[in-house]
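Q:
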Amino acid sequence: MQHDNDPKHRAHIVTNWLNEKGVERLKWPPYSPDLNPIEHMWDELERRMKKEKPKNATELKHALSRVWQGIGTDVTKKLVDSVPNRLNEVIRMNGYPTRY
12 MQHDNDPKHR
22 AHIVTNWLNE
32 KGVERLKWPP
42 YSPDLNPIEH
52 MWDELERRMK
62 KEKPKNATEL
72 KHALSRVWQG
82 IGTDVTKKLV
92 DSVPNRLNEV
102 IRMNGYPTRY
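Residue numbering for the sequence shown follows the numbering used here, beginning at 12 and increasing consecutively.
1) Could you work out which residue in Asp15, Asp45, Gly33 is closest to Asn99 when comparing CA atoms only?
2) What's the call for Asn27, buried or exposed, on a 16-neighbour Cβ count within 10 Å?
3) State the DSSP-derived secondary structure class of Val13, mapped to helix, strand or coil.
4) Among Glu31, Thr87, Arg36, which has the Cα closest to the Cα of Met12?
5) Indicate whether the contact test is met: 3 or more Cβ pairs, each with one atom in the stretch 43-61 and one in the stretch 89-105, closer than 8 Å.
Okay, here's the thing in structure tokens:
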């Protein structure tokens, strides 16, 4: 399993549960959005949500669902296809922040 080592993911209760279940985890930098395409998907969702003006939690839920479903597979494909370039850039930058 891979997760981004966010403090929530490293909490004792989480670590203990993963250990009890025998879940192996990849070593991963603590904060590495350039290695996690989902972070860029969240950015895309946030950009699109700025156009929405929900007035309450129900409208927010509907807007999020509508906007999420409106993100096409072309966006997902572009993010996935960019992974090799992202990895090469991280290596080139010796782990320092990249343009991604």
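Glycine included, C-beta positions come from ideal geometry on N, C-alpha and C.
A: Walking through what the data contain:
1) Mapped onto the sequence shown, residue 99 falls at position 88. Of Asp15, Asp45, Gly33, the residue nearest in Cα terms is Asp45.
2) Residue numbering aside, residue 27 sits at position 16 when the sequence shown is read from its first letter. Asn27 comes out exposed.
3) Looking up residue 13 in the sequence shown gives position 2. In the sequence as presented, Val is not what sits at residue 13; that position holds Gln. Correct three-state label for Gln13: coil.
4) If you number the sequence shown from 1, residue 12 lands on position 1. When only C-alpha atoms are compared, the closest one is Arg36.
5) yes
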